[in-house]
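Enquirer: Numbering (our numbering), first residue to last: 152 to 402.
Structure below; questions to follow.
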Amino acid sequence: MRIAFLASDAPVAQLARDALVKRHGTVDASEADVIVALGGDGFMLKTLHEMVDLAAPVYGMNRGTVGFLMNEYHEDGLIARLEAANEEIINPLSMTAMGRDGAVHKALAINEVSLLRAGPQAARLKISVDGRQRLSELVCDGALVSTPAGSTAYNYSAHGPILPIGSDVLALTAIAAFRPRRWQGALLPSSAKVRFDVLEADKRPVMADADSISCPDIQWVEIQTERSIRHKILFDPGHGLEERLISEQFT
Numbered sequence: 152m153r154i155a156f157l158a159s160d161a162p163v164a165q166l167a168r169d170a171l172v173k174r175h176g177t178v179d180a181s182e183a184d185v186i187v188a189l190g191g192d193g194f195m196l197k198t199l200h201e202m203v204d205l206a207a208p209v210y211g212m213n214r215g216t217v218g219f220l221m222n223e224y225h226e227d228g229l230i231a232r233l234e235a236a237n238e239e240i241i242n243p244l245s246m247t248a249m250g251r252d253g254a255v256h257k258a259l260a261i262n263e264v265s266l267l268r269a270g271p272q273a274a275r276l277k278i279s280v281d282g283r284q285r286l287s288e289l290v291c292d293g294a295l296v297s298t299p300a301g302s303t304a305y306n307y308s309a310h311g312p313i314l315p316i317g318s319d320v321l322a323l324t325a326i327a328a329f330r331p332r333r334w335q336g337a338l339l340p341s342s343a344k345v346r347f348d349v350l351e352a353d354k355r356p357v358m359a360d361a362d363s364i365s366c367p368d369i370q371w372v373e374i375q376t377e378r379s380i381r382h383k384i385l386f387d388p389g390h391g392l393e394e395r396l397i398s399e400q401f402t
């Protein structure tokens, strides 16, 4: 089994990589049968984005903080764990955003695309789904669209729903909604195309963010599932995303 070991800059992740490379050797990611990512969830997202064109699945081991997308770190028994691992397929979101200067920005998000106020005043957003206006005005600190895989991240912190992996839905969640008062959002089919138009963009600036890829001072954003891209993540049996999503709701 040809393994590519990648690690975040954190010293604990670098030490883990050194130990595993000493045991198993390493190859370039383009030649690997499997990629082992050592770090936290942020590093896993970075690895998935950078390795999107490669066929090898990614197996993460937690050398970060939360590690929702990672397996537990153990130096021993790695080959057996890789051989027994279950594969999850994740389709990312595509974001197209137009700035007030007319520039168009595109990015992919495995967790969520979020809109956030960029000034002292609340944002005013108009929301359309599949070309039909659904909310003429949402006054809020922001809003986001989350995949099932990302539903326990920012979406959950904003009191959005946890979505089971394999569910064919997206979560549209408001962040600190003022009007409509305490509006929490909506569940949408994964085929939906969501558009946010920023009202009073000059007075109430808004930024868009796709997995930490930021676009400042936007006029509108369109978000939809990118089914042509399939991220492959490996999990130890009994500890896949489905189990983690269920367990998170009982903690």
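The beta carbon of each residue, even a glycine, is placed where N, CA and C say it ideally should be.
Bear in mind that the values here come from a model prediction, so they are computed numbers and not experimental data.
Only counting the same chain, and skipping five residues up and downstream in sequence, which positions put a Cβ closer than 6 Å to that of A328?
Expert: Close CB contacts of A328 within its chain, under the 6 Å cut and outside five residues either way in sequence, are with C291, W334 (chain order).
Enquirer: I'd like the span of the beta strand (DSSP E) that includes G293, first residue to last.
Expert: 293–297
Enquirer: Let me know the secondary structure DSSP gives P162 once reduced to three states.
Expert: Helix, per DSSP.
Enquirer: Looking only at C-alpha atoms, which of A258, N237, D192, E351 sits nearest to G301?
Expert: D192
Enquirer: Threshold first: 4 residues or longer. Then list the alpha helix (DSSP H) segments lying entirely within the segment 219–267, N to C.
Expert: Qualifying alpha helix (DSSP H) stretches, in chain order: 229–235.
Enquirer: For the ligand COA, is there any heavy atom lying closer than 7 Å to the beta carbon of V345?
Expert: Among the components modelled here there is no ligand, and therefore nothing to report on the ligand COA.
Enquirer: Which class does D348 belong to by DSSP, given the choice of helix, strand or coil?
Expert: strand
Enquirer: In whole angstroms, what separates the C-alpha of S308 from that of S245?
Expert: 22 Å
Enquirer: Roughly how many whole angstroms lie between the Cα atoms of R346 and R153?
Expert: 43 Å
Enquirer: Would T216 be called buried (16 or more neighbouring beta carbons within 10 Å of its own) or exposed?
Expert: exposed
Enquirer: Whole angstroms are fine: how far does the CA of L267 sit from the CA of C366?
Expert: If I take the Cα positions, the gap works out to 10 Å.
Enquirer: Consult DSSP for D184 and reduce its assignment to one of helix, strand or coil.
Expert: coil
Enquirer: What are the start and end residues of the beta strand (DSSP E) that includes G193?
Expert: Membership of G193 in any beta strand (DSSP E) is not indicated; the residue belongs instead to the alpha helix (DSSP H) covering 192–201.
Enquirer: Run the CB neighbour count on D179, radius 10 Å, all protein chains shown included, and call it buried at 16 or more, exposed below.
Expert: exposed
Enquirer: Looking at C-alpha atoms only, which residue of H382, S279, D353, E373 is the closest neighbour of P243?
Expert: H382
Enquirer: Which residues bound the beta strand (DSSP E) around S365?
Expert: Element bounds for S365: 364–366.
Enquirer: Buried or exposed, going by whether 16 or more other CB atoms sit within 10 Å of the CB of S287?
Expert: Burial state of S287 is exposed, judged by a 10 Å Cβ sphere holding fewer than 16 other Cβ atoms.
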